[in-house]
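Below: one structure, written as structure tokens.
In my numbering, the protein residues as written are -8 to 214.
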């Protein structure tokens, strides 16, 4: 039977895989609407919700990329479910247990919203109902519902590591999303060709960074 650290290591690797899948889905989503000269991810979603793709290929790309993001929720949730195993004390277990619930909810809720975009596109296009008359407002409401539990989760994760209630060293708080997400504001001041992609996909990259470093550290400790 595997020990808790081995399960935790597997969980972090699975989380890394899920975050890479999510990034791939978002990249495909962006590429399928790039010809419309969008500037931000929110604009991309608004366009997809409002404008039915012109060709079968574009429509397939939209469905495939959104489905890929949804499937990515499974490894994400599995990875977060293993987080409590990193606790080195009872308070740490409680903090990480709550963290796991909040972050799993956030990723599942946000990722399962992606397949809905093509249907919103169709509904908005043909004018069924008033709910989709303002895609940007609809997306903003969805974003607010995700942001609160997401920031609460990453805050608890950072606190649990910083106060030494986990098996991770305290310096690892620097690679938690609470810290790394702030770098997204810095990328805006970089040259456009570098800063724009980093800004667009930084929310994906912060989890790739976190899961990757945590998995590497756990693996080094097991050797």
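Cβ coordinates follow ideal geometry from the N, Cα and C atoms, glycine included.
Among the options, nearest to residue i - alpha-carbon criterion
i, options, result
"residue 9", "71, -6, -5", "71"
"residue 171", "88, 190, -6", "190"
"residue 67", "211, 210, 195, 143", "195"
"residue 79", "177, 152, 210", "152"
"residue 62", "100, 136, 179, 213", "100"
"residue 55", "12, 179, 154", "12"
"residue 58", "85, 84, 15, 69", "15"
"residue 197", "164, 83, 85", "164"
"residue 84", "138, 178, -5", "-5"
Contact check, residue i vs residue j, beta carbons under 8 Å
i, j, result
"residue -3", "residue 60", "no"
"residue 173", "residue 77", "no"
"residue 175", "residue 162", "no"
"residue 91", "residue 65", "no"
"residue 143", "residue 167", "no"
"residue 136", "residue 4", "no"
"residue 2", "residue 69", "yes"
Extent of the continuous alpha helix (DSSP H) to which residue i belongs
i, result
"residue 197", "183 to 213"
"residue 177", "174 to 177"
"residue 94", "81 to 102"
"residue 169", "168 to 171"
"residue 159", "Here residue 159 belongs to no alpha helix (DSSP H), and DSSP marks it neither H nor E."
"residue 75", "No alpha helix (DSSP H) holds residue 75; DSSP gives it neither H nor E."
Cβ-Cβ separation, residue j to residue i (assumed contact under 8 Å), whole Å
i, j, result
"residue 146", "residue 169", "6 Å"
"residue 202", "residue 6", "4 Å"
"residue 81", "residue 140", "Rounded, the Cβ-Cβ distance is 23 Å, inconsistent with contact."
"residue 213", "residue -1", "Wrong, their Cβ atoms sit about 10 Å apart, outside the cutoff."
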